[in-house]
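Using this note's numbering, read the sequence shown as starting at 724 and increasing by one per residue.
Working notes for the structure below.
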Amino acid sequence: MTSRPVPVGRRRSYTGRVNLRQLLNIINLTTPAGLLLARAGHCAVKPGPDGLLLAGGWTWPLPKAAAFTVGNVILYRPRAARLFSPGPDGPAPLMRHEARHASQYAGLGLAFLPLYFAAAGLSVLRTGDPASGNVFERLAGLADGGYS
């Protein structure tokens, strides 16, 4: 199976969006906050795709999720490492999901955190769980995040 080349204009545009996300998440301090969390949690940080940073080894009790994102930093539990392995069709679904959260941080900055928690609380009231009615999880792709 051969893959089709990405038109140059598209690649440049995509790379531009990734670079913009990286820059915004540094300026809005969410990536530095994610790196501080990774350091505090004794996570090993390595470069990931599309300017993301993978911080493996999160063992703190909260959040309970297998992975969560702060800025361009994806923090994940040891059991979740295999969920980030790319497949034949590109990035792993969980990687796509967390990358979308990184883009949400780029747009909202640190305000993402209280807005996310408010959306999770409303989701619990409406649906009984913090994800299925959470606008941020829905926009990041519930199935890609392992929620459905």
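Glycine included, every Cβ here is placed at the ideal spot set by N, Cα and C.
Return yes when the Cβ of Ala767 is within less than 8 Å of the Cβ of Gly757, no when it is not.
-> No.
Simplified DSSP state of Thr782, which is helix, strand or coil = Thr782: coil per DSSP, three-state reduction.
Evaluate His765 with the Cβ neighbour count: other Cβ atoms within 10 Å of its Cβ, from every protein chain shown; 16 or more gives buried, anything less gives exposed.
-> exposed
Inside the region 741-822 only - alpha helix (DSSP H) runs reaching at least 4 residues | 753-763
Curious, which full-length alpha helix (DSSP H) runs of at least 4 residues does the region 833-861 contain?
-> 835-850
Inspect the beta-carbon positions of Met818 and Pro772 and report whether they are closer than 8 Å.
-> yes
Backbone CA spacing between Ala790 and Arg802 [nearest angstrom] | 10 Å
Own chain residues within Cβ distance below 7 Å of Arg849, not counting five before or after | Gly856
Pull up the distance between the alpha-carbon of His824 and that of Gly774, whole angstroms please.
-> 13 Å
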